[in-house]
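If you read the sequences in order, they're chains P and R. So in the numbering used here, spot 102 of the first sequence is number 102, and the numbers just go up one at a time. Just remember that the numbering used here sits 1000 ahead of the position in the second sequence, which is counted from 1. Note that beta-carbon positions come from the ideal geometry of N, C-alpha and C, so glycine has one too.
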Amino acid sequence: MLKTYNNKAWLLVLPVVLCVAFSAIIPLMTVVNYSVQDILGPDQKVFVGTEWFQLVMRDPELHAALGRQVLFSAAVLAIQIPLGILLALALPATGWRSSLSLVLLAMPLLIPQNVVGTIWQIYGRGDIGLAGAALTKLGVNYNYTGNSMDAWLTVLVMDIWHWTPLIALLAFAGLRAIPEAYYQAARIDGASRFAVFRFIQLPKLRGVLLIGLLLRFMDSFMIYTEPFVLTGGGPGNATTFLSQYLTQKAVGQFDLGPAAAFSLIYFLIILLACFVFYSLLQNAGPAEKAPH
Amino acid sequence: MESLAWMAWTTPVAIFFSSVALMLVGMTLWQIKSPSIARRGFLPLTTTRGDRLFLGLLSAAYINLAWTGLTDLHQWFAAGIAFVWLLVVMRWG
């Protein structure tokens, strides 16, 4: 057993604890309080127990939004992770070409979400947008403001354009960290390109890919700005994801009770996902450090 | 207290958060008195005492939510099941 000789560390984490208390724990407590009451006015509150949770859990619109959200996050992960790895493998490893590719690749990451939404909104327009007009000229009946499938695909492609570079950069950094000796050994054994990828590169990338997976999952699960700017959640409800649905409830309709209950459910989903990814990361650690 | 009025406190929520705080203090004291050793139970991962408490509480929340969404029976049944589940996870998880 390790004995603690010095408790100074507790003092040093105190500022963080205070910050978290003010920015997260106290607001969370307030949300829990709101979720069990009907707030009619600043001084008028009625305790309703689990009524809001019941309402939210049985809300078909919420189920639909959750379904769309899960499908979106799954699609984002299924496309961005392999695409990011492919990009990283295709990038030049050294020299000015490498630096140039990295800078070009990182550009979408520097653009704020609402600007990305605006860029794609114009890009996809049938009359003046480069992509929209080109598709229309080619005879494709593309209209992201009127057709739900088009809207959905546009949001997905926009997210892929915006965030695949992150995975590519992470994977690139992971690839550069693999010692040359592994490749030499593979060459001596006459390993094929695929075998090198399958048995050397992929296992070595496990740690960074898990971090990428976690980041992309969390981000895509909380996506709000881009679809809000691009489609406003429409047409109909086709691109209304969880965050936007929550905002509609809390800000649009000012239903604070159901919105609070919904926030807590959202929080629990994220908490579970975080725990799963955290355990995976913890388990990935020893494999990385395994003796060569 | 006037300064806490904006938080719209209710008794059940106050009891809930007090229990969480007490649990944290209790777990800390227990940890100091006899440090937890990570082990493997029926859960598919190695856990310490704190991990099991977290998992137990998280699944308790899900049990309660599922109960609210799927049945019209009283919530106390779900609370009872969740409590038993928490004990099972703490002991054999």
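Starting from residue i, trace the beta strand (DSSP E) in both directions and tell me its first and last residue.
i	result
residue 1025 (chain R)	Segment 1011-1033 is the alpha helix (DSSP H) holding residue 1025 (chain R); no beta strand (DSSP E) there.
residue 45 (chain P)	44-47
residue 40 (chain P)	37-41
With a CB to CB cut of under 7 Å and the five nearest residues on each side skipped, what residues in its chain are close to residue i?
i	result
residue 92 (chain P)	98 and 101
residue 129 (chain P)	122 and 123
residue 1082 (chain R)	1060, 1063 and 1064
residue 238 (chain P)	148, 151 and 152
residue 255 (chain P)	249
residue 204 (chain P)	174 and 178
residue 269 (chain P)	none
residue 241 (chain P)	65, 68, 69, 72, 223 and 227
To which residues of the same chain is residue i closer than 6 Å at the C-beta, ignoring the five residues directly before and after it?
i	result
residue 61 (chain P)	none
residue 1011 (chain R)	none
residue 84 (chain P)	164, 167, 168 and 171
residue 35 (chain P)	52, 260, 261 and 264
residue 1086 (chain R)	1056 and 1060
residue 1043 (chain R)	1093
residue 1067 (chain R)	1078
residue 87 (chain P)	168
residue 212 (chain P)	167 and 170
To the nearest angstrom, how far is the alpha carbon of residue i from that of residue j?
i	j	result
residue 195 (chain P)	residue 280 (chain P)	24 Å
residue 127 (chain P)	residue 133 (chain P)	6 Å
residue 1009 (chain R)	residue 149 (chain P)	45 Å
residue 159 (chain P)	residue 225 (chain P)	11 Å
residue 305 (chain P)	residue 30 (chain P)	Since the displayed chain P opens at 1 and closes at 292, residue 305 (chain P) lies outside it and no answer follows.
residue 288 (chain P)	residue 95 (chain P)	Reliability of the predicted coordinates at residue 288 (chain P) is poor, the pLDDT of 45 falling under 50, and no value is obtained from them.
residue 222 (chain P)	residue 246 (chain P)	11 Å
residue 282 (chain P)	residue 82 (chain P)	22 Å
residue 1019 (chain R)	residue 23 (chain P)	21 Å
residue 1047 (chain R)	residue 116 (chain P)	42 Å
residue 56 (chain P)	residue 64 (chain P)	12 Å
residue 68 (chain P)	residue 113 (chain P)	20 Å
residue 252 (chain P)	residue 243 (chain P)	13 Å
residue 27 (chain P)	residue 33 (chain P)	10 Å
residue 144 (chain P)	residue 271 (chain P)	33 Å
residue 309 (chain P)	residue 58 (chain P)	Since the first residue shown for chain P is 1 and the last is 292, residue 309 (chain P) is missing from the structure and cannot be characterised.
residue 107 (chain P)	residue 176 (chain P)	21 Å
residue 286 (chain P)	residue 207 (chain P)	Caution applies to residue 286 (chain P), whose pLDDT of 48 falls short of 50 and renders its modelled position unreliable; the value that the coordinates give is listed next. Answer to the nearest angstrom: the Cα atoms are 10 Å apart.
residue 1076 (chain R)	residue 66 (chain P)	27 Å
residue 181 (chain P)	residue 209 (chain P)	22 Å
residue 75 (chain P)	residue 1031 (chain R)	43 Å
residue 274 (chain P)	residue 1045 (chain R)	15 Å
residue 138 (chain P)	residue 233 (chain P)	27 Å
residue 1015 (chain R)	residue 1021 (chain R)	10 Å
residue 20 (chain P)	residue 1013 (chain R)	20 Å
residue 1017 (chain R)	residue 135 (chain P)	56 Å
residue 1037 (chain R)	residue 1029 (chain R)	15 Å
residue 9 (chain P)	residue 1080 (chain R)	39 Å
residue 155 (chain P)	residue 231 (chain P)	8 Å
residue 1024 (chain R)	residue 141 (chain P)	59 Å
residue 1071 (chain R)	residue 1088 (chain R)	23 Å
Within the continuous alpha helix (DSSP H) that includes residue i, where are the two ends?
i	result
residue 1043 (chain R)	No alpha helix (DSSP H) contains residue 1043 (chain R), which DSSP labels as neither H nor E.
residue 976 (chain R)	Limits of chain R in this structure are 1001 at one end and 1093 at the other, which puts residue 976 (chain R) out of reach.
residue 1068 (chain R)	1049-1070
residue 197 (chain P)	Premise fails: residue 197 (chain P) is in no alpha helix (DSSP H) and is neither H nor E.
residue 118 (chain P)	113-123
residue 107 (chain P)	95-110
residue 10 (chain P)	8-20
Going by C-alpha distance, which of the options is nearest residue i?
i	options	result
residue 1090 (chain R)	R:1064, R:1077, R:1062 and R:1058	R:1058
residue 174 (chain P)	P:202, P:20 and P:188	P:202
residue 219 (chain P)	P:77, P:59 and P:282	P:77
residue 217 (chain P)	P:120, P:72 and P:14	P:72
residue 304 (chain P)	P:204, P:80, P:141 and P:234	The question about residue 304 (chain P) has no answer here: the residues shown for chain P are numbered 1 through 292.
residue 266 (chain P)	R:1065, R:1034 and R:1020	R:1065
residue 146 (chain P)	P:125, P:94 and P:96	P:125
residue 1073 (chain R)	P:75, P:54, P:59 and P:90	P:54
residue 193 (chain P)	P:139, P:16 and P:90	P:90
residue 1006 (chain R)	P:47, P:42 and P:18	P:42
residue 104 (chain P)	P:161, P:278, P:274 and P:211	P:161
residue 257 (chain P)	P:12, P:8 and P:48	P:48
residue 276 (chain P)	P:214, P:154, P:231 and P:191	P:214
Excluding the 5 residues preceding and the 5 following residue i in the sequence, name in chain order all residues of the same chain whose CB lies nearer than 8 Å to its CB.
i	result
residue 45 (chain P)	37, 38 and 39
residue 1027 (chain R)	1049, 1050 and 1053
residue 119 (chain P)	111
residue 183 (chain P)	196 and 200
residue 291 (chain P)	Low confidence applies here, because residue 291 (chain P) scores a pLDDT of 43, under 50, leaving its location unreliable; read the following figure in that light. Answer for residue 291 (chain P): no residue qualifies.
residue 7 (chain P)	none
Pick out the complete alpha helix (DSSP H) segments inside the segment 135-176 of chain P, 4 residues or longer, and give them in chain order. 148-176
In chain order, what are the residue ranges of uninterrupted beta strand (DSSP E) at least 3 long that sit wholly in the segment 41-92 of chain P? 44-47
Secondary structure, alpha helix (DSSP H): runs of 4+ residues fully inside the segment 174-260 of chain P: 180-188, 193-196, 202-221, 225-230 and 242-247
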